[in-house]
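Engineer: Chains as they are written, first to last, in my numbering: chain A, 60 to 424; chain B, 60 to 424. Have a look at this one before I ask anything.
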């Protein structure tokens, strides 16, 4: 296979302490020693990864980092339940034992959990060191690459402890998607579809047209889908600096999705699966309010099915269980649940004007 | 006693995400509900303090915060050994149980340990909330009020985990100094004296002239000493944004001081006591290099004695034990120990040009 590649530059607001950074997206990037050197020179590296990812990709990264560079490797257990302050302490201990100073670069090799924890560790280690994201799941590639959110969970709430810390750069080697289980790939696709729905109707149409290429994980199609997703997220995040709250549209499908995750137990439905179902509910409500054409909702349903994503709410959940779970969500302001709907295909709005009947009709029970 | 008060405004660099903030210094400020309201309005508050400080000052702060404001109080055990990630987790748990959101303000009521931990907790709680410093020791008042350094210790190193996080404001109620044990008061005076030595010869002379007033904790003298100390630290820190490394002059006396603390065991010598002795060693070396007049060194020695601060290195420490301990210090760059000396009274320089003989002569053994 020939190698292909693109680079997206993420700009940061002028008052940010950080400059912008590049997102490199392509094939065979993990092996690309020149790319790594262009980003981090000969600086010492602290690699954080997990037990699932390490056997697959750590060797390639190690080779690209070269023999002369001081490198510390830390393998954490896999899973969201390990995204804790305890794991943060483990990273700190490994970095101190490896004699890392402020010049060192932390490298996150793995999915969103590894990225969030490593980014937060980098934000706090000796009051801040640089870090590089090497996301290996589609979800992390299109979600964690932009926005600078890092952190860990607390037993009383997800992502309650963290920092904004921008990476030095992001390396997305789409070869890593070849080993991604089908369910996880589809869960990432749900977020890609979201970007089209809330921000870019032509991109939504492109995803439909390229459905077969994407499903067969064709490199060129994946590179474009990831690039466009990251670019849209960067646009939305940078707009938020000027217009407070715009970023909330990124939660399209998430209000209903979180309710599903909460009631079903985290991990039983993947995040992206719950979001897929949540997006369809939100799209149906948008349709009932006269904002979205019936054909667009049908196209979304078909697209989700194309990726084997769920289009029906869990059988044990009725409108009351949704409402109960959603009012527990931390994003509820003053008891008002805030919904993200579509005002038309490619445009999102935030509203509290969603009634019990609207939800009942959308979930069909 | 009549109440007296002054306010110092700390400017932050233009590219900082934070605006500047006020340091209010005076008598009876803990009871000043209007001052608190001017800083934090009616926002909910999470107070972090410790078991020693709470019985003395928590009631006054509670009254000033008012009855209508949601307030959570957390008492941590006293002592540097509790400045850990575990205590950070305790703060986070208390804040979450108190249902604090991003609008809440964390208030640090206590010495440097409480301030460092609370500031770091505020930096990380839900990716950042505002915090207010209410330092109750002289050391914290003249040291932690400026610079934005927050954090906790790791078993492998002090202050290894942290963040830069500027407070919303600092309230220094010098009434709190009345209850401060003599040794701790003197340890704080060591840092005040340091500011004169490295930056402001007239202020050094003022401290000598005001020695009796300061020792008897006269409010007006204390307010001026604290104000001038904070202003000097703010000057040095802001200069560091432009000229990298200038901030290191704040470590005057600390290289030798850390060696003493390390060899004697932390807590046996108070930090300020070790710094006092370290400043005298550094001043003697500066004298031997022809930078400082003999009379200035004698005046420093006399001033330290005035506050019952140590002027002799611990009897069990010779030049070798100093050199061994100093080369372990994290500030050693490429095996070269960097010393802060005086180029004249009121001006500091950083140099590696200090020999074994210089130290031997300065410690007198």
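Where a beta carbon is used, it is the ideal one built from N, C-alpha and C, also for glycine.
For residue 221 of chain B versus residue 199 of chain B, is the C-beta distance shorter than 9 Å?
Structural biologist: No; because the gap between Cβ atoms is not below 9 Å, this pair is not in contact.
Engineer: Let's see if you can read the secondary structure: which residues bound the beta strand (DSSP E) around residue 192 of chain B?
Structural biologist: It spans 189 to 194 - the beta strand (DSSP E) in which residue 192 of chain B sits, taken as one unbroken run.
Engineer: Taking 9 Å as the CB-CB cut-off, is residue 190 of chain A touching chain B?
Structural biologist: Judged by the 9 Å Cβ criterion, residue 190 of chain A is not in contact with chain B.
Engineer: For residue 269 of chain A, tell me which candidate among A/67, A/132 and A/280 has the shortest Cα-Cα distance.
Structural biologist: The candidate whose alpha carbon is nearest that of residue 269 of chain A is A/280.
Engineer: Find the residues of chain A that neighbour residue 183 of chain B, judging by a C-beta separation of less than 7 Å, and give them in chain order.
Structural biologist: Correct list: 220, 221 and 222.
Engineer: Do residue 100 of chain A and residue 129 of chain A come within 9 Å of each other at the CB atom, strictly closer than that value?
Structural biologist: Cβ atoms of residue 129 of chain A and residue 100 of chain A: not closer than 9 Å.
Engineer: Compare the C-beta of residue 155 of chain B against all C-beta atoms of chain A and say whether one is closer than 9 Å.
Structural biologist: With 9 Å as the cut-off, residue 155 of chain B counts as an interface residue toward chain A.
Engineer: In this structure, does DSSP put residue 60 of chain A in helix, strand or coil?
Structural biologist: Note that residue 60 of chain A has pLDDT 46, beneath the 50 cutoff, so the model's placement of it is unreliable and the number below is only indicative. Three-state result, residue 60 of chain A: coil.
Engineer: Please name the residue or residues paired with residue 216 of chain A in a DSSP beta bridge.
Structural biologist: A/213.
Engineer: In whole angstroms, what is the alpha-carbon distance linking residue 118 of chain A and residue 299 of chain A?
Structural biologist: Their Cα atoms are separated by approximately 39 Å.
Engineer: Report the neighbours of residue 210 of chain A on chain B: residues whose CB is nearer than 7 Å to its CB, in chain order.
Structural biologist: Ordered by position in chain B, the residues that pass the 7 Å Cβ test against residue 210 of chain A are 186.
Engineer: From the beta carbon of residue 413 of chain B, is the nearest beta carbon of chain A less than 9 Å away?
Structural biologist: By this cut-off, residue 413 of chain B is not an interface position.
Engineer: Sorted by chain position, which residues of the same chain lie with C-beta nearer than 6 Å to residue 223 of chain B's C-beta, five sequence neighbours on each side aside?
Structural biologist: Once the five neighbours on either side are set aside, the close Cβ partners of residue 223 of chain B are 207.
Engineer: Can we say the region 360 to 370 of chain A touches the region 239 to 253 of chain A, given the rule of at least three CB pairs closer than 8 Å?
Structural biologist: With a cut-off of 8 Å, the region 239 to 253 of chain A and the region 360 to 370 of chain A count as touching, because enough Cβ pairs lie within range.
Engineer: Does any residue of chain A bring its CB to less than 9 Å from the CB of residue 171 of chain B?
Structural biologist: It does not: the Cβ of residue 171 of chain B has no partner Cβ on chain A nearer than 9 Å.
Engineer: Please state the DSSP three-state secondary structure of residue 330 of chain A.
Structural biologist: Helix at residue 330 of chain A.
Engineer: So which residues on chain A does residue 428 of chain B lean against when the C-beta distance must stay under 9 Å?
Structural biologist: Nothing about residue 428 of chain B can be read from this structure; chain B reaches only from 60 to 424.
Engineer: Let's see if you can read the secondary structure: which residues bound the alpha helix (DSSP H) around residue 173 of chain B?
Structural biologist: Element bounds for residue 173 of chain B: 171 to 183.
Engineer: What residue ranges within the region 230 to 279 of chain B form continuous alpha helix (DSSP H) runs of no fewer than 4 residues, ordered along the chain?
Structural biologist: As far as the region 230 to 279 of chain B is concerned, its whole alpha helix (DSSP H) runs of at least 4 residues are 241 to 258, 260 to 268 and 270 to 274.
Engineer: Using a Cβ cut-off of 9 Å (strictly closer), state whether residue 152 of chain B contacts chain A.
Structural biologist: Interface residue, yes.
Engineer: Going by C-alpha to C-alpha distance, which of B/197, B/252, B/375 and B/159 sits closest to residue 216 of chain A?
Structural biologist: Ranking B/197, B/252, B/375 and B/159 by Cα distance to residue 216 of chain A puts B/159 first.
Engineer: For residue 114 of chain A, report the span of its beta strand (DSSP E) as first-last.
Structural biologist: From DSSP, residue 114 of chain A is part of no beta strand (DSSP E) but of the alpha helix (DSSP H) over 113 to 124.
Engineer: So, for residue 384 of chain A: in the same chain, excluding its five sequence neighbours on each side, which residues have a beta-carbon less than 7 Å away from its beta-carbon?
Structural biologist: Here the set comprises 318, 321 and 322.
Engineer: Is DSSP giving residue 67 of chain B helix, strand or coil here?
Structural biologist: Strand at residue 67 of chain B.
Engineer: For the alpha helix (DSSP H) containing residue 320 of chain B, name the first residue and the last one.
Structural biologist: Looking at the DSSP string, the run of the alpha helix (DSSP H) that includes residue 320 of chain B is 313 to 323.
Engineer: I'd like the list of long-range same chain contacts for residue 205 of chain B, defined as Cβ closer than 7 Å, with 5 residues on each side in sequence excluded.
Structural biologist: So the list reads 69, 289, 292, 293 and 296, once near-sequence residues are dropped.
Engineer: Report all residues from its chain with a CB closer than 8 Å to the CB of residue 353 of chain A; omit the five preceding and five following residues, and keep chain order.
Structural biologist: Excluding positions up to five away in sequence, the list reads 346.
Engineer: Taking buried to mean at least 16 other C-beta atoms within 10 Å of its own C-beta, is residue 327 of chain B buried or exposed?
Structural biologist: Under this definition residue 327 of chain B is an exposed residue.
Engineer: Grab the span of the beta strand (DSSP E) containing residue 411 of chain B for me, first residue to last.
Structural biologist: Residue 411 of chain B -> no beta strand (DSSP E), and no H or E assigned at all.
Engineer: At which residues does the beta strand (DSSP E) containing residue 108 of chain A begin and terminate?
Structural biologist: Here the beta strand (DSSP E) through residue 108 of chain A covers 104 to 109.
Engineer: For residue 307 of chain A, decide whether its Cβ has a neighbour in chain B, counting only Cβ atoms nearer than 9 Å.
Structural biologist: Residue 307 of chain A does not count as touching chain B.
Engineer: Give me the Cα-Cα distance between residue 358 of chain B and residue 254 of chain B, rounded to the nearest whole angstrom.
Structural biologist: In a straight line, the C-alpha of residue 358 of chain B is about 15 Å away from that of residue 254 of chain B.
Engineer: To the nearest whole angstrom, what separates the beta carbons of residue 65 of chain B and residue 230 of chain B, a pair I think is in contact under 8 Å?
Structural biologist: The pair is not a contact, with the Cβ atoms about 12 Å apart (cut-off 8 Å).
Engineer: Beta-carbon within less than 8 Å of residue 413 of chain B's beta-carbon, same chain only, minus the 5 sequence neighbours each way: which residues are those?
Structural biologist: Excluding positions up to five away in sequence, the list reads 344, 396, 398 and 400.
Engineer: Could you name the residues of the same chain whose beta carbon sits closer than 8 Å to that of residue 330 of chain B, not counting the 5 residues immediately before and after it, in chain order?
Structural biologist: Taken in chain order, the residues that qualify are 198, 246, 316 and 320.
Engineer: Can the beta-carbon of residue 276 of chain A be found less than 9 Å from the beta-carbon of residue 244 of chain A?
Structural biologist: Yes. Within cutoff.
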